[in-house]
Every structure is written in structure tokens, then in C-alpha cells.
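Colleague: Dropping the structure in here first, questions after.
Residue numbers (UniProt numbering): 1 to 367.
As C-alpha cells, this is what we get:
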């Protein structure tokens with residue numbers, strides 16, 4: 001594989017170079033114990049999240065999206081069209097080295113991640129569409145990822161042949177099984193579904209914060225030292241472009257606003273654990289070095305940008321409600337004043353009729 005040594009401009013930081021020799025001595029970027037703990041915590045986050053989100057789903061709506069897959073088709077085109085092309089353009093625009101560019105391309109070719117479902121819930125999207133989209137995106141990854149990596153990663157056969165089908169199937173199981181549990185709770189114990197969702201989201205956020213802290217403790221210094229400004233810029237641009245283009249693309253096909261927000265979150269959020277697995281399978285750790293931490297940087301940016309979008313959307317909703325409330329109160333006051341005036345006129349008519357007169361008298365001939 002050519003250019004495997006051209007990883008970053010700071011490769012000496014993970015080599016042990018001496019005047020006598022230039023032998024590679026690899027030091028793991030993350031302590032194995034911390035890495036295992038992070039993996040377990042990610043698994044717990046996925047299970048809790050999918051059970052909680054399953055409690056918001058309805059089988060009738062899921063069947064409707066499957067029978068009329070317009071939203072699914074649009075989401076699939078956005079996921080496997082926009083994101084890989086965005087990654088390719090950013091790699092060319094920032095003129096990254098081959099291996100660094102491949103790392104970015106692998107991240108861009110991954111299916112949507114489970115965090116898109118949580119973000120769709122927070123932004124008042126369509127949860128039924130979100131879960132079905134994530135499941136279909138993961139299933140399509142079995143064929144689309146080899147195809148996309150073949151197209152965009154020419155010259156790197158080890159990457160094209162490193163698609164972890166087992167990991168993709170495991171991701172699909174971790175989505176569908178907990179979701180089915182949540183759907184069962186919603187169907188047979190609907191009185192508990194909202195409580196499960198609320199408590200599950202709180203627990204998920206606690207585990208997520210703990211996981212990010214562990215990542216920062218275990219590899220934060222390496223990320224800050226090894227990642228070039230170009231990689232940080234790409235990690236920031238990619239999810240933002242995905243969010244924006246996902247919304248615009250779904251607007252062109254006239255999806256309703258809830259579905260547009262859902263497609264937007266699904267497009268911008270990538271399956272980061274799957275991306276990390278591919279990089280570890282495709283390259284030896286002493287070759288890829290700390291670049292396999294790029295998906296972690298992408299995860300941080302996609303969560304931060306999604307959080308900003310959600311906050312802005314919630315502020316817009318509150319402002320809109322306040323404006324509608326003011327409009328309703330003005331209408332109510334006008335209606336009250338009109339009713340009061342009508343009541344006074346009617347009362348005046350009655351008093352005049354008692355004296356033989358009518359204030360607004362119109363005879364039967366209309367004269």
C-alpha cells in the first residue's frame with residue numbers, strides 16, 4: 001500500500017526514533033482498559049436509547065412508511081449520496097494525504113448512527129421515520145459501503161475489503177431488538193411509555209457525558225496534538241453540511257416539516273463506532289496511528305452542532321408560540337369588545353321596542 005507512512009505531519013510523535021535506527025515502536029493511542037470501558041458504555045447507550053425511542057413509535061405509522069417509502073428513498077439518497085461526496089470534496093479541497101483522506105472518506109461512507117434518533121426526538125421529528133431510516137440505512141450499508149469505498153478509495157484494496165459485515169449486522173441487531181422492546185411497552189403498557197422515554201433519555205445523557213469524559217481523559221491530549229487544523233475543520237464542516245443539505249434535499253421533494261428535520265438529523269449523524277471498527281480492520285494500528293480517533297472528533301462536532309440546531313429550533317418554537325399567543329389574545333379582546341357592543345345594541349333595541357320604537361328596524365319589504 002503506497003503512502004502509508006504519510007499519515008500526518010507529526011508522525012514522529014507516535015514513532016520511537018533514535019539516531020541509531022528508525023524502527024517503528026507503536027504506543028497505543030488509548031489505554032486498552034479505557035478503550036474497553038468506552039466500548040461497553042457505548043453499547044449501554046445504544047440499548048437504553050433504542051428502548052426509550054421504541055416507546056415513542058407506532059406500528060401503524062411504521063407500516064405506512066414501509067408501504068409508502070418516499071421518505072426512506074429520499075433519506076437513503078441523502079445519506080449515501082450527500083455525505084460520501086461531501087467527504088470527497090473536503091479531502092480534495094484541503095489537499096489531504098492519501099491515508100488521511102481515506103480516513104475521512106470511510107467516515108463519510110458510513111450509514112446513519114443511533115444518535116440521529118435521539119436528535120430527531122429532541123428536534124420534534126418523526127420518530128417512526130427516524131428508526132425505520134436508521135434500520136434501512138444500516139441494512140443498505142452491507143452493499144453500499146463496499147460500492148462507495150470502491151468508487152472513492154481507488155488504490156486502497158485493503159479498505160475496500162475491510163467492510164466489517166459482522167459489525168454492521170450487530171449494529172442492526174442493537175437497533176431492532178431494543179426498539180422492539182420499546183414498541184412492546186408502548187403497545188401493551190402505554191401508560192409507562194412516556195416515563196420510560198424520559199428516564200431513558202436522562203440515563204443516556206449521563207452515560208454519554210461519562211463516555212466523552214473518558215475519551216477526553218484517555219486520548220484528548222493525543223487528539224489535540226496529532227489532529228491537524230484541516231482535520232478539525234473537516235470534522236466541523238461534514239456534519240453541518242449533512243444537516244443543511246439533508247433538510248434542503250427533503251424540502252425539494254416536499255416532505256412535511258417534521259420529516260425534513262428527521263432526514264436532516266439522519267444525514268448529518270454518522271455511525272462513528274462502525275467507522276472506527278473499519279479503520280482498525282483496514283489498517284494495522286502502527287500504520288494508521290492516531291488517525292483512527294478522527295471519528296471521535298467527528299462525533300463531538302456532530303453532537304455539538306446538532307445541539308446548537310436543536311436549541312435554535314426550540315427558541316424559534318417558543319418565539320412562535322408567544323407571537324401566536326399575542327395574536328390569539330388580540331383576537332379574543334376584539335371578539336369580547338364586539339360581543340359587548342352587540343349586547344349593548346340588543347339591550348338598547350329592547351328598551352326602545354318597549355316604547356314603540358326600534359333602533360335598527362327593517363320592514364318586511366326591505367324599505
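Just so you know, even glycine gets a beta-carbon here, dropped at the ideal spot from N, CA and C.
Taking the DSSP output, what are the residues bridged to residue 216?
Modeller: The count along the chain shown starts at 1 and reaches residue 216 at position 216. In DSSP, residue 216 forms no bridge with anything.
Colleague: Is residue 197 near residue 56, with beta carbons less than 9 Å apart?
Modeller: As a working note, residue 197 is residue 197 in the chain shown. As a working note, residue 56 is residue 56 in the chain shown. Yes, the pair counts as a contact, with Cβ atoms nearer than the cut-off.
Colleague: Leaving aside the five residues before and after residue 214 along the sequence, list all residues of the same chain whose C-beta is less than 8 Å from its C-beta, in chain order.
Modeller: Position 214 of the chain shown, counted from the first residue, corresponds to residue 214. These residues qualify, in order along the chain: 34, 37, 38 and 41.
Colleague: Within its chain, find whatever has a CB closer than 6 Å to the CB of residue 124; leave out the 5 residues flanking it on each side and keep chain order.
Modeller: Here residue 124 refers to the residue found at position 124 of the chain shown. Result list for residue 124: empty, nothing under 6 Å.
Colleague: Rounded to whole angstroms, what's the CA-CA distance from residue 191 to residue 48? Just pull it up for me.
Modeller: Position 191 of the chain shown, counted from the first residue, corresponds to residue 191. Position 48 of the chain shown, counted from the first residue, corresponds to residue 48. So the alpha carbons of these two residues sit roughly 19 Å apart.
Colleague: Starting from residue 128, follow the alpha helix (DSSP H) in both directions and report where the run begins and ends.
Modeller: The count along the chain shown starts at 1 and reaches residue 128 at position 128. 127-152 is the extent of the alpha helix (DSSP H) around residue 128.
Colleague: Residue 93 lies in the alpha helix (DSSP H); which residues open and close that run?
Modeller: Within the chain shown, the letter at position 93 stands for residue 93. 83-93 is the extent of the alpha helix (DSSP H) around residue 93.
Colleague: What separation, rounded to the nearest whole angstrom, lies between the Cα atoms of residue 271 and residue 112?
Modeller: Residue mapping note: residue 271 aligns to position 271 of the chain shown, counting from 1. Residue mapping note: residue 112 aligns to position 112 of the chain shown, counting from 1. Between residue 271 and residue 112, the C-alpha separation is close to 5 Å.
Colleague: Taking one C-beta from the stretch 81-98 and one from the stretch 116-132 each time, how about it: are there three or more such pairs within less than 8 Å?
Modeller: No, the stretch 81-98 is not in contact with the stretch 116-132.
Colleague: Since residue 150 and residue 269 are thought to touch, with beta carbons under 8 Å apart, how far apart are those beta carbons, to the nearest angstrom?
Modeller: What you label residue 150 is simply residue 150 of the chain shown in a count that begins at 1. What you label residue 269 is simply residue 269 of the chain shown in a count that begins at 1. Not really, about 24 Å apart at Cβ, beyond 8 Å.
Colleague: Alpha carbon to alpha carbon, what distance is there between residue 249 and residue 202?
Modeller: Residue mapping note: residue 202 aligns to position 202 of the chain shown, counting from 1. Residue mapping note: residue 249 aligns to position 249 of the chain shown, counting from 1. Approximately 32 Å between the Cα atoms of the pair.
Colleague: Is residue 166 buried or exposed, if buried means 16 or more other CB atoms sit within 10 Å of its CB?
Modeller: Translated into the one-based positions of the chain shown, residue 166 becomes position 166. By the neighbour-count rule (16 or more Cβ atoms within 10 Å), residue 166 is not buried but exposed.
Colleague: Give me the Cα-Cα distance between residue 94 and residue 275, rounded to the nearest whole angstrom.
Modeller: As a position in the chain shown, residue 94 is number 94, starting the count at 1. As a position in the chain shown, residue 275 is number 275, starting the count at 1. Cα to Cα, residue 94 sits roughly 21 Å from residue 275.
Colleague: Please classify residue 177 as buried or exposed, where buried requires at least 16 other C-beta atoms within 10 Å of its C-beta.
Modeller: In the chain shown, residue 177 corresponds to position 177, counting from 1. It is exposed - the Cβ of residue 177 has fewer than 16 other Cβ atoms within 10 Å.
Colleague: Name the residue from 68, 233 and 247 whose alpha carbon lies nearest to the alpha carbon of residue 258.
Modeller: In the chain shown, counting from the first residue as 1, residue 258 sits at position 258. Of the candidates 68, 233 and 247, the one whose C-alpha sits nearest the C-alpha of residue 258 is 247.
Colleague: Verify whether the separation of the beta carbon atoms of residue 108 and residue 133 is less than 9 Å.
Modeller: Taking the first residue of the chain shown as position 1, residue 108 is located at position 108. Taking the first residue of the chain shown as position 1, residue 133 is located at position 133. The answer is no: Cβ separation not under 9 Å.
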